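Participant:
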Amino acid sequence: MNVTELVRVSIILLLVATGVALLSRRVGIPYVTGLVLAGLPFSELMYRSVGLDPALVFNLFLPILLFDAGINTDVSRLRSTFKPIALLAGPGAILSGGIIALLLKFGLGLGWMPATFMGVMLANTDTVSMIAVFKDIPVPSRLSTIVEGETLFNDATALVGFNLILQVYSTGSLTFLEGIQQLLFFSIGGSLIGLVLGYLSVPIFARLDDPLSSLLLTVAVALGTFQASHFLGVSGAVAVVVAGLIFGNLGLSNQTTASSRITLLSFWEYASFTVNTFIFLLIGAEINLVTFWQTLPAILLAVLAYQVARVLTVYPLLAGIRWFDRPIPLRWQHLLFFGNIKGSLSMALALSLPTTLPGRDTLITLVFGSVLVSLVGQGLSLPWVVKRLKLSAVSPIQEQMEQWQAELITAKAAQEELDSLLKSGILPKSVYEEMRSTYQVKVAGAEKSLREFYNRRSGDLGTSKGDYMGKLDAIRRRLILAE
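Heads up: the sequence shown is residues 801 to 1283, going by this note's numbering.
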């Protein structure tokens, strides 16, 4: 496809996505599900084949989505939920993949190698799908952090596992010890690359006073980190997530002007939204409905296999977590089970299967069909499940607290912008002092209201005042950073 055709197809995709956005709101279905359904007839209507290119997913789409998720993730929230995330994304993903492989080996008569590949591809909970869905569905903050954290690191587990199995298929052997060594090398190596490039980018970013130049730096960090990791043979997914976390929590510090933060975060939100739009439309375009209906019984068996595996990993692992961490409510566990949505990474991995693998076309059909069932079936019913579990209800107290938080965000952002205007000589000092004092009154009022709220909560729950003051300070830092 030449450049002219690529531009034409992109324009058509964007117009289709605009129509889907309007219709999905009226019909009341998730935007991503609407995109997949709209993409189903797309390849038949186009005069040239349009589909999902795994190289495009791995080298462009995935780094953008992972970096956007990283810079918008608060490390303090991630740290507070690290244990359930680590359990689900590590041992949980490995156990789930093994169960899927076992069920499909005997359920569909697959060989051990194809079944193992299927286990890795279907054990992955897709980052793209879950983050897109959870942007439209309000759930408790801690639950949202667990879900998004699991999907972020689950991607890395899937990619590392896929590469290990690919090595076994290519070389014919891999001992258990060698597998552990490779796993550690991929994961720790990726983390180190992300740490190094993330920390190196922070002082460079601090010296850039132009928001557009800062934006270019973040794009270079996101895409460059993934490519550098791939060149060194370590996990690019882990590296990009770590670099995004460092950049978002250190680079976008209180010294960064409000205009720079708004420009950067708005750009990455738009980039993520655009990538999501193309991915889900192309997922629909990649699926052949005739083949889907012909292999539907086998596809449903594959869906059943990964759901059974999810049940056998989520509930036992999270039931045992109460011994060393805060217990996860059962209603949350139900959502973690049902939110096991598949998406673009599973399809990209399927398209990357070796051409010499026996039954490769069958595996691709099974994965594509499972993704379609997952995105449409679970995607359509997930909002209903959230409501049935009573996870989306917002109390009047919470609404009031969010209003105080919003006031704190806007007032602090305005003060920082005033500081920047004064330093640049645009704003006279007399005007600056008058305007800044006005916003300081708003800051003080919002802080007082939040402190009084946490003082009351402290008395009601018997929690130390110092603990709640610490939480308030952490929330304040997070809100300012988020703006």
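Quick reminder that beta carbons are idealized off the backbone N, C-alpha and C, glycines included. Source: prediction; values computed, not measured.
Exposed or buried, what is Phe867 when buried is set at 16 or more other beta-carbons lying within 10 Å of its beta-carbon?
Facilitator: By the neighbour-count rule (16 or more Cβ atoms within 10 Å), Phe867 is buried.
Participant: Pull up the distance between the alpha-carbon of Phe1005 and that of Ser1072, whole angstroms please.
Facilitator: Taking the straight line from one Cα to the other gives about 21 angstroms.
Participant: Would you check if the distance between the CB atom of Thr1077 and the CB atom of Ala817 is smaller than 8 angstroms?
Facilitator: A contact, by the Cβ cut-off of 8 angstroms.
Participant: Thr1210 to Arg826, Cα distance in whole Å?
Facilitator: C-alpha separation (whole angstroms): 32 angstroms.
Participant: Taking 8 angstroms as the cut-off, does the stretch 1170-1177 touch the stretch 878-891 (at least 3 CB pairs, one atom from each stretch)?
Facilitator: The stretch 878-891, when compared against the stretch 1170-1177, does not touch it at the 8 angstroms Cβ threshold.
Participant: Measuring alpha carbon to alpha carbon, tell me which residue in Ile1128, Leu959, Ala1105 is nearest Ala1037.
Facilitator: Nearest C-alpha to Ala1037: Leu959.
Participant: Compare the C-alpha of Gly989 against each of Leu1182, Thr1018, Leu1104, Gly1033 and name the closest.
Facilitator: Answer by Cα proximity: Gly1033.
Participant: Counting C-beta neighbours from all protein chains within 10 Å, is the total for Gln1215 16 or more, i.e. buried, or is it exposed?
Facilitator: Buried, since its Cβ has 16 or more Cβ neighbours within 10 Å.
Participant: Measuring alpha carbon to alpha carbon, tell me which of Ile1128, Leu856, Asp1161 ends up nearest Leu1023.
Facilitator: Measuring from the Cα of Leu1023, the nearest candidate turns out to be Leu856.
Participant: Check Pro891 in the structure and name its three-state DSSP category.
Facilitator: Correct three-state label for Pro891: helix.
Participant: Is Asp926 buried or exposed, if buried means 16 or more other CB atoms sit within 10 Å of its CB?
Facilitator: Flag for Asp926 reads buried.
Participant: Can you give the Cα-Cα distance for Leu1118 and Gln1240, rounded to whole angstroms?
Facilitator: So the alpha carbons of these two residues sit roughly 45 angstroms apart.
Participant: Over what stretch of residues does the alpha helix (DSSP H) that includes Pro1183 continue unbroken?
Facilitator: That run of the alpha helix (DSSP H) goes 1179-1188.
Participant: If I'm right that Gly1139 touches Leu1182 with Cβ under 8 angstroms, what's the distance once you round it to whole angstroms?
Facilitator: Between Leu1182 and Gly1139 the Cβ distance is about 6 angstroms, and since that is below 8 angstroms, they are a contact.
Participant: In whole angstroms, what separates the C-alpha of Phe1168 from that of Ser987?
Facilitator: If you take the alpha carbons of Phe1168 and Ser987, they lie about 28 angstroms apart.
Participant: Only counting the same chain, and skipping five residues up and downstream in sequence, which positions put a Cβ closer than 7 angstroms to that of Ile829?
Facilitator: Cβ within range, chain order: Leu1180.
Participant: Measure the CB-CB distance between Met918 and Leu904 and report whether it falls below 8 angstroms.
Facilitator: Yes, the pair counts as a contact, with Cβ atoms nearer than the cut-off.
Participant: Please list the terminal residues of the continuous alpha helix (DSSP H) segment that includes Asp1161.
Facilitator: That run of the alpha helix (DSSP H) goes 1160-1173.
Participant: Below 6 angstroms CB to CB, which residues in the same chain sit around Trp1204 once its five sequence neighbours on both sides are set aside?
Facilitator: Only Ala1246, Ser1249, Leu1250 meet the Cβ criterion.
Participant: Kindly list the residues whose CB is nearer than 8 angstroms to the CB of Arg942, restricted to its own chain and excluding five residues on each side of it in sequence; keep chain order.
Facilitator: Taken in chain order, the residues that qualify are Arg877, Ser880, Thr881.
Participant: Return the first residue and the last residue of the alpha helix (DSSP H) that Phe986 is part of.
Facilitator: Phe986 -> alpha helix (DSSP H) spans 976-1007.
Participant: Only counting runs of 4 or more residues, tell me where the alpha helix (DSSP H) segments fall wholly within the stretch 1033-1100, in order along the chain.
Facilitator: You should have 1036-1046, 1058-1086, 1089-1094.
Participant: Roughly how many angstroms separate the alpha carbons of Ala1039 and Ile1046, rounded to a whole number?
Facilitator: Rounded to whole angstroms, Ala1039 to Ile1046 spans 11 angstroms at the Cα level.
Participant: Taking C-alpha atoms, which residue in Val809, Pro884, Val807 lies nearest to Asp1125?
Facilitator: It is Pro884.
Participant: Can you tell me which of Pro1097, Leu860, Leu1017, Pro1116 puts its alpha carbon nearest to the alpha carbon of Phe1026?
Facilitator: Closest option to Phe1026, Cα to Cα, is Leu860.
Participant: Quick check on the burial criterion: 16 or more other C-beta atoms within 10 angstroms. Buried or exposed for Asp955?
Facilitator: The residue in question, Asp955, is buried, as its Cβ has 16 or more Cβ neighbours within 10 Å.
Participant: Between which two residues does the alpha helix (DSSP H) harbouring Val836 extend?
Facilitator: 831-839 is the span of the alpha helix (DSSP H), which, as asked, contains Val836.
Participant: When the Cα atoms are used, what is the spatial distance from Gly1120 to Arg1236?
Facilitator: One C-alpha to the other measures close to 52 angstroms.
Participant: Can you check whether the CB of Leu1112 is closer than 8 angstroms to the CB of Ile899?
Facilitator: Cβ distance < 8 angstroms, so Ile899 and Leu1112 count as in contact.
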